[in-house]
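Okay, structure first, notes after.
Protein chains: 2
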Amino acid sequence: MSGPAQRRITIKEVAEAAGVGVATVSRVLSGGSASAETREKVLAAAARLDYRPSALGRNLRRRRTGGIGLLVPDITDSFYARLTDGVLSCARSYGEPVTVGVTGDDPEREAELIGALIEESMDRLIAVPSGDGEMWAPALRSGLNVVFADRRVRADVPSVVPDDRAGVLTAVEYLAGLGHRKIAYLGRHGQSQRVAAFNSAIASLGLPADRDLVVHARSSRDSAYAAAAGLLQHRADVTAVIAGGNVLGEAAVLAARELDVRIPRDVSLIMFDDVPWAELCSPPLTVIAQPAQDIGYRAAELVLRQGRRPPAVTLPTQLVVRASCGPRVSAPRR
Amino acid sequence: MSGPAQRRITIKEVAEAAGVGVATVSRVLSGGSASAETREKVLAAAARLDYRPSALGRNLRRRRTGGIGLLVPDITDSFYARLTDGVLSCARSYGEPVTVGVTGDDPEREAELIGALIEESMDRLIAVPSGDGEMWAPALRSGLNVVFADRRVRADVPSVVPDDRAGVLTAVEYLAGLGHRKIAYLGRHGQSQRVAAFNSAIASLGLPADRDLVVHARSSRDSAYAAAAGLLQHRADVTAVIAGGNVLGEAAVLAARELDVRIPRDVSLIMFDDVPWAELCSPPLTVIAQPAQDIGYRAAELVLRQGRRPPAVTLPTQLVVRASCGPRVSAPRR
DNA sequence: ACCGCTCATGGAAACGATTCCATCAGAGTT
DNA sequence: AACTCTGATGGAATCGTTTCCATGAGCGGT
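Protein chains in written order, with the UniProt record's numbering: chain X, 1 to 334; chain B, 1 to 334.
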């Protein structure tokens, strides 16, 4: 049923049809110099035959693959989906294809994918790095052009990240302003940046430091739920929690509902990352919005621009107040 | 700072290091026949030099690119994100890279992307087709191996789709069982399949037919909101609406809230596609769950499996009852 | 007229693999 | 001993481009 896979036409045939040499065709098509007459003939022949230059041939000769690789932890997470959308949108305007891989936040799987990408001769790569970034050394040494997105784990790789420091500080200040003193941070493994910002924010506001107030989950939904439930259950003294991402926030809402902890009456909740459903949730969630799409777009710009590259760009976050935070009630719950 | 982009080592160097010919190296590495001794030498040399065969060279010779292309309307939509995840997951187990493009449900942009993919010599493609699929003819004729996902617009292309017919019927029956008679369908352009199923379900249950009860939106959030608001505003007689996708459902909830239409007291709502936030919504949404990830996975299997390919596979949907549907109240609202 | 300069042009050599084909060694058969 | 057969092996062609280089034409200056 499917066609006989007709052979694609090559530059040679175009040359023949135009009555010129292949070198001339190549030159005309890639903007080199040629007489007006020749250019005309070549263009006409190419159009007539519907010639499409083979990226394979070109890339082999040029010793590099055009496209760019993108590695995200989980394409199903709205944040990374929007980041991906930003990358795709920028790449499209450059006409570059994007190859996407999902790491599941697993450094081993990430290394595998890097290997595969290198095998494809892909020389430009945007990644949300999983671990501490040490396995990137060989890839970097081999001349791979890498930009990190969302997380900054190595100083020698340009990165595009949200302003975690300011975002966390804003959230903590807002909560403190409402009277909360026992604030917990519910994060993912590897958010060292934010945890540091959290601790320093707590300290700078003179709130009691308590190491156990930051709890970590792996990136799965189950793990997030377990962490949220554990926090809510064992620490009846916390009156506010900051969720470090939308799946963490979702888990917190679910766990609270299950444990009959009322938001915001019993505990206030601020979630990192504004997602469409934050407004639909009951109650609507107060969030720290992150420019996910911009992060992707800027990262793509960085990796596509050959010139000098700034070591890091930081994009602002924004507090969006809805209805998941309230004043601290004096009576401890339960 | 970045390394001098050390030249990658080629099969020729491995051959030299192993003291054999390039043909032998190629044969050993791709599982051809060779003596145990030679195989040993080659493998050792390859490992010692950390040799990675270049996909470019291989693909040029083989006249095809390994990977598979994936075209979705909007990677930001949870449904397509999960579908993409399915494709990625299957492709990974075959070791095939996936190049993703976003069509925005625009046939023109889709055609562009197909062209770009052909230029890359990508010969396998999974797509959620945007229009009526007529622009696919040339691509198909050129031997491209295509599988459609989510929508079935051409009989000559294998497709993996959810069971829209059964899904719609289940929804309508459920609503009718609750006493509803004026049921609206809020859909996207191009969901002809589902609209037909909707009309036939209405007819088979003896409910009053009314052409204006199906309203369409384009795939943007704004358009979805406008359509939902229009429906709720102008048709006070409808007591139940079926939203044909998660962004439509989101728009319906938002519009209802804005217009002070209570769910489910004033109107019942069933949404196609179960998303994590459906449970978090107020009220929790009754949905028709679709196996988005499976659709992607099966589509990838189909496009990767060389053998004979079934013309279409239909995956079951499932009604998940939550709290957004209630019995019809006799008094018309407003 | 001659020289030198610029510019268009086409042949041929890469790029890095796979694979056809010829060669050759060794074993088995008569 | 001569022959055939099998299996391993390496040289060379090929895939479709880009780009180096040599050639030759046109032209202005002396």
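Even glycine gets a Cβ: it sits at the ideal position worked out from N, Cα and C.
Who are the near neighbours of Ala299(B) in its chain, counting only those whose CB is closer than 7 angstroms to its CB and skipping five residues on each side?
-> Val87, Ile126, Val147, Ala149 and Val160, listed in sequence order.
Alpha carbon to alpha carbon, how far is Ala116(X) from Pro53(B)?
-> Cα-Cα distance, rounded: 10 angstroms.
Inside the region 76 to 116 of chain X only - alpha helix (DSSP H) runs reaching at least 4 residues = DSSP runs (the alpha helix (DSSP H)) wholly in the region 76 to 116 of chain X: 78 to 94.
Using a Cβ cut-off of 9 angstroms, pull out every chain X residue sitting near Cys281(B), in sequence order please.
-> Correct list: Trp277, Leu280, Cys281 and Ser282.
Taking His189(B) as part of the beta strand (DSSP E), name the residues at either end of that continuous run.
-> Careful: His189(B) lies outside any beta strand (DSSP E) and carries neither H nor E.
Pick out whichever of Ala201(B), Gly230(B) and Asp260(B) has its Cα sitting closest to the Cα of Val215(B).
-> Minimum Cα distance to Val215(B) is reached at Gly230(B).
If you count every other CB in all the chains shown that lies within 10 Å of the CB of Tyr225(X), and 16 or more means buried, which is it?
-> Tyr225(X) should be labelled buried.
Local conformation of Met135(B) per DSSP, three classes | If DSSP states are grouped into helix, strand and coil, Met135(B) belongs with coil.
Check whether the Cβ of Val195(X) lies closer than 6 angstroms to any heavy atom of the ligand HEM, and answer yes or no.
-> Looking at this structure, you won't find the ligand HEM or any other ligand, since it has none at all.
Quick one: what's got a C-beta closer than 8 angstroms to Asp210(B)'s C-beta in the same chain, skipping five residues either side?
-> Result list for Asp210(B): Lys182, in chain order.
Taking 8 angstroms as the threshold, find out whether the region 92 to 110 of chain X comes into contact with the region 59 to 68 of chain X through three or more Cβ pairs.
-> Yes, they touch.
Candidates Asp85(X), Pro284(X) and Arg188(X): closest to Gln293(X) by CA position | Closest by alpha carbon: Asp85(X).
Specify the secondary structure class of Gln290(X) as computed by DSSP and reduced to three states.
-> For Gln290(X), the secondary structure class from DSSP, reduced to helix, strand or coil, is coil.
Tell me, to the nearest whole angstrom, how far the beta carbon of Leu169(X) is from that of Ala203(X); I am working on the premise that it is less than 8 angstroms.
-> Not confirmed; about 11 angstroms, so no contact.
Residues in the region 51 to 79 of chain B with C-beta within 9 angstroms of chain X's C-beta atoms, listed in sequence order?
-> If the cut-off is 9 angstroms between Cβ atoms, the region 51 to 79 of chain B has Arg52, Pro53, Ser54, Ala55, Leu56, Gly57, Asn59, Leu60, Arg63, Arg64, Thr65, Gly66, Gly67, Gly69, Leu70, Asp74, Ile75, Thr76, Asp77 and Ser78 near chain X.
Between Ala81(B) and chain X, is there a C-beta pair that is closer than 7 angstroms?
-> Chain X places a beta carbon closer than 7 angstroms to that of Ala81(B), counting this residue as a contact.
Under three-state DSSP, which class holds Ser220(B)?
-> Of the three classes helix, strand and coil, the one that applies to Ser220(B) here is coil, per DSSP.
What is the residue span of the beta strand (DSSP E) that Ala127(X) lies within?
-> Residues Arg124 to Ala127.
Can you tell which of Leu178(B), Pro129(B) and Ala312(B) has its C-alpha closest to the C-alpha of Arg328(B)?
-> Nearest option by C-alpha distance: Leu178(B).
Kindly list, in the order they appear in chain X, the residues whose Cβ is closer than 8 angstroms to that of Val253(B).
-> Going along chain X in sequence order, the residues near Val253(B) (Cβ under 8 angstroms) are Leu280.
Kindly list, in the order they appear in chain B, the residues whose Cβ is closer than 7 angstroms to that of Thr38(X).
-> Result: empty, since nearest Cβ-Cβ is about 24 angstroms, beyond 7 angstroms.
Whole-angstrom distance between Gln233(X) and Thr103(B), CA atom to CA atom | Cα-Cα distance, rounded: 46 angstroms.
Taking Val168(X) as part of the alpha helix (DSSP H), name the residues at either end of that continuous run.
-> Unbroken alpha helix (DSSP H) run through Val168(X): Asp164 to Gly177.
Bridge partners of Leu70(B), per DSSP?
-> Under DSSP, Leu70(B) forms a beta bridge with Val100(B) and Ile126(B).
When you compare only the Cα positions, how much space is there between Val228(X) and Arg62(X)?
-> Before going further, note that residue 228(X) is Ala rather than Val in the sequence given. Distance between the alpha carbons of Ala228(X) and Arg62(X) is about 51 angstroms.
How is the beta strand (DSSP E) around Ala243(X) delimited, first residue to last?
-> Counting along the chain, the beta strand (DSSP E) containing Ala243(X) begins and ends at Ala240 to Ala243.
Can you tell me whether DSSP reads Ala155(X) as helix, strand or coil?
-> If DSSP states are grouped into helix, strand and coil, Ala155(X) belongs with coil.
Looking at the structure shown, is Ala256(B) part of a helix, part of a strand, or coil, going by DSSP?
-> Three-state result, Ala256(B): helix.
Tell me the DSSP bridge mates of Val214(B)?
-> Val214(B) is bridged to Tyr185(B).
Contact set between the region 81 to 98 of chain B and chain X, restricted to residues whose Cβ is under 8 angstroms from the partner | Taking 8 angstroms as the Cβ-Cβ cut-off, the region 81 to 98 of chain B approaches chain X at Ala81, Arg82, Thr84, Asp85, Leu88, Ser89, Arg92, Gly95, Pro97 and Val98, given in chain order.
Does the beta-carbon distance from Leu71(B) to Val253(X) come in below 7 angstroms?
-> By the CB criterion at 7 angstroms, Leu71(B) and Val253(X) fall outside the cutoff.
Check each candidate in Ser282(X), Ser324(X), Gly21(X) and Leu304(X) and name the one with the smallest Cα separation from Tyr94(X).
-> Relative to the Cα of Tyr94(X), the nearest Cα in the group Ser282(X), Ser324(X), Gly21(X) and Leu304(X) belongs to Leu304(X).
Taking 7 angstroms as the CB-CB cut-off, is Gly324(B) touching chain X?
-> Looking at the sequence itself, residue 324(B) is Ser, so the reference to Gly does not match. It does not; no Cβ of chain X falls within 7 angstroms.
Distance, Tyr51(B) Cα to Val321(X) Cα = Near 55 angstroms, if we compare the C-alpha coordinates of Tyr51(B) and Val321(X).
Nonlocal neighbours in the same chain, by C-beta distance under 6 angstroms from Gly3(B), ignoring five residues either side | In this prediction, Gly3(B) has a pLDDT of 41, which is less than 50 and means its spatial position is unreliable; what the coordinates show is noted afterwards. Excluding positions up to five away in sequence, the list is empty.
Should Val102(X) be flagged as near chain B, meaning a C-beta pair shorter than 7 angstroms?
-> Yes, Val102(X) lies at the interface with chain B (some Cβ there is under 7 angstroms from its Cβ).
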